[in-house]
Structures are given as C-alpha cells and as structure tokens.
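Reviewing the structure listed below.
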Amino acid sequence: MEFRDNKAIYLQIAEYVCEHILLGKWKAEEKVPSVRELAVELEVNPNTVMRTYELLQNKNIINNKRGIGFFITDDAIDHVKSYRKVLFMEDELPVVFRNIYLLNISFGELESRYKTFVKENFNA
Amino acid sequence: MININNLNFGYSKQKPLFKNMSMRLSNGHIYGLLGKNGAGKSTLLKNLAGLVYAQSGTLDVMGYDPAKRQPALLEQICFIPEEFYLPSVKIDAYIKANAPFYKNFDHNYFADLIKEFDIPVEQKLINMSYGQKKKVIIAFGLATQAKLVIMDEPTNGLDIPSKAQFRKIMASAMTDERCIIISTHQVRDLDNLIDTVIMLDENDIALKATVEEITAKLTFKKVKEIDNSIIYAEPSLSGYNAVMPNYHQEESKLDMELLFNAILAEKIKFKPLFS
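If you're matching them up, the sequences are chains Y and B in order. Numbering-wise (the UniProt record's numbering), the first sequence opens with residue 1 and increments by one. Numbering-wise (the UniProt record's numbering), the second sequence opens with residue 1 and increments by one.
This is the structure we're talking about:
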C-alpha cells in the first residue's frame, strides 16, 4: 500500500479497510486480518492499526469478539458509506467546488460527464 | 521497562554529552531515537545496554543496573550496533557459540528469518557483504527473544527489498512485552514503524512524544504562502512544507524530517508545546 503524505496513517488504513468492504473483498460477518497481520502487510506499527480498528469499532464497521478477533458487522456497508460520505463532503468536495468555480464549469456539463463516468465504470 | 534519572555522561570531563537527562520508556512501543551526528544517540543506547557507564545518575533497565552487566539482564537485551565484527565462521558455528547465552533463543525463528532475508548459509560470515552481515545480526538479535531490542541505524546497508522485509519483521516483532528502540537518520525507511519520537539535542532530550501527541498539537501540511501561524517551513515544488499549531483538529501525517529540522531551528517555540 502506498501511503499519501497528507493524512494520518491510521486514517489512511481506515480508508483501506473501508475500500475492501465497499468492493466486497471483505464481506459482512467475516473476520478481518488481526492487528499484527495487517501491520505486517502494511509495514506499520501495530499500535497504529489498533488505533484504526478502534475508530472502525466506534463507527460500527467492525466489532471485537473477545478472544477471536475483529469481524465486519452485518450492516458495515451502510456505516462505511455514511462515514465516507462525511469525509467526502468535508475534505474532497470543497476542493472540487473550488475548481468548478475557478474554471467556470456549468452544472449541466458536470451532470452529463457524471452520467458518462458511471456508465463507463460501473455499467449502471 | 527503562527508567533514566539525572544521567550524566561524557567521554571526557570537558565535553559532557548528557546533562541530568531523565526519561522513562515502556514496553509495547517502538521508539525512534533521532538526533544530529554527535548528539549522543549511540552513546545513549550503549548506556542502556551496559556498554558504557554513567558518571552519575541512575539507570534502571527491567529492575537491573546495566553497568553491572548481570547475565539475567544481558540475556534480555538484543543490541544491534552500527559497527560490528563477525568472525570467520559459517552461521551454524556462530549460532552454536553464541545462542547458548540466551536461554529463550528460538532456532526455528532464526532459520525463518535467515531464509526470509535470503542469506547464503554456506558462506563464511566474514566474506559476506555489510548488508548481509547486518541481516544476520538482526536475525540473531530478534531470535534471542530479548525483551529490550536496541538497534543503531538498522537499515544502513540494507538493499531495497531488505528494507521492506525489515519493516515487516519489526511490525511482527513488536509485542506488548517488548520495548524496541531504533536510532536512525533514515527516517523515511522507518517512520510508519515508530510510534514515539525521542529527539536528542544539546545534552538533553529535546522531545519525547508519541506520534499521536505530536499530530494532536501540530499540523504538517503543504501551503502556498507563509503566514504568522506557521512555526517552521521549508520550500518545496508546490509552495512550502509547513509545521503549524493544530488549531482545527486536523489529522495530518507526521513528517518526521520536517519535525526534526523544525525543532533544531525553532527550539524555543516547541518547548511550551511538549512540556
């Protein structure tokens, strides 16, 4: 995994886990890698992964079954979406809005481009 | 795990290296020890391992005074020095001679590490490259199962794949019982492994704080222009890499090199933040 340099590592790992859930690689009620396994895979301090898992627990995306490990909750996808939506609205959208304003792009053009994008990438 | 109290040390009376230094280190952490050349990083590590002796003050390592060099403590310390000598023997003979000093030595784990590091077992240690030798002593050190792991510039001499292997090995070696201290100038090699930064400067500890504490108080980010809120900044391609107080509870990624330079340049501004 390539870390970017603008965001705390534990949050980037949270995004990595969320991405796996949204893409269906990690499914509801499945066990996630242990703190140590994920730390080794990502070459980071296990305390950092622990911090990620605590955050995801607070967001009801994973839960801790004592003595067994961490599991994806049955409604994890909904929780991931609402968590990611907040992040998108707060972090990414202002940057996009700024460019839309500076470059004078119309909402009509955005809408047609958005539809093409969805068609090409998600066959919707 | 480690308790340092009013440590005074210098190689000569005229040039003290540490003046009344105090610090506590606990298990379950990977400490990154930073400092300029000659700041005393290696010397501090040698004090902890009982290789040099304090002039005054006390050092307590797992309940022992390292200067007494008691076997019960030494078998719990793994020290990987920056400069070392390995004899003209093969790995088997080296293990036979040295492993018995560590009663918890894990031979299977050592074999796994040697394999992972791709070390030629048939070659004499003295004929290996510096990087290969370094990997042998890292593997040996971790296989001792020592609770205190001290590494002085461990990634020096390691090739690119070995650095990634080293990071994986350290991530798995970090347990709640272990205290790992790594001194390094190559912070980019190790910054995601380190959870607590210790910085030495001017005969004392200039900073000791967890990454979490540092990023709670400071924001590291790229800015286009410099204003009064910025404590320290360095020019970059797209503006400046800056350190500033974390007014808006941002969760930025700690830039260890920038922090290092910032503390050297703006010591007075950082003092009140981390006292």
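All residues carry an ideal CB built from backbone N, CA and C; glycine is no exception.
Counting along the chain, the unbroken beta strand (DSSP E) around Asp204 (chain B) starts and ends at 204-210. Closest option to Ser129 (chain B), judged by alpha-carbon separation, among B:Leu264, B:Asp106, B:Ala171, B:Tyr85: B:Tyr85. DSSP, read as helix, strand or coil, puts Met128 (chain B) in coil.
Within its own chain, the residues whose Cβ lies closer than 6 Å to the Cβ of Arg24 (chain B), once the five positions on either side in sequence are excluded, are Asn3, listed in chain order. For Ile62 (chain Y), the uninterrupted beta strand (DSSP E) run begins and ends at 62-65, by DSSP.
For Val149 (chain B), the closest alpha carbon among the candidates B:Tyr31, B:Lys96, B:Cys78, B:Ala54 is that of B:Cys78. Of the candidates B:Pro245, B:Tyr64, B:Cys179, B:Ser229, the residue whose Cα lies closest to the Cα of Asn27 (chain B) is B:Cys179.
The residue among B:Val136, B:Arg188, B:Gln249, B:Ile137 with its C-alpha nearest the C-alpha of Ile160 (chain B) is B:Arg188. When DSSP states are grouped into helix, strand and coil, Gly141 (chain B) belongs to the helix group.
Look at Thr155 (chain B) here: in three-state DSSP terms it is coil, with no helix or strand label. Within the region 86-114 of chain Y, the complete alpha helix (DSSP H) segments of 4 residues or longer fall at 93-103, listed in chain order. Counting along the chain, no alpha helix (DSSP H) covers Tyr64 (chain B), and no H or E run does either. Judged by their CB atoms, Lys133 (chain B) and Leu158 (chain B) are not nearer to each other than the 8 Å cut-off. Under the DSSP assignment, Ser22 (chain B) falls in the beta strand (DSSP E) whose first and last residues are 18-25. In the DSSP secondary-structure assignment, Leu7 (chain B) is bridged to B:Met21. The DSSP-derived three-state label of Tyr247 (chain B) is coil.
When C-beta distances to chain Y are compared with 7 Å, the residues of the region 151-168 of chain B below that value are Ala164, Arg167, Lys168, in chain order. Lys59 (chain Y) and Gly141 (chain B) have their C-alpha atoms some 40 Å from each other. Under the three-state reduction of DSSP, Ser172 (chain B) is assigned to helix.
At a cut-off of 8 Å between beta carbons, Lys253 (chain B) contacts chain Y. With a cut-off of 8 Å on Cβ pairs, the region 247-260 of chain B is in contact with the region 182-201 of chain B, counting three or more such pairs.
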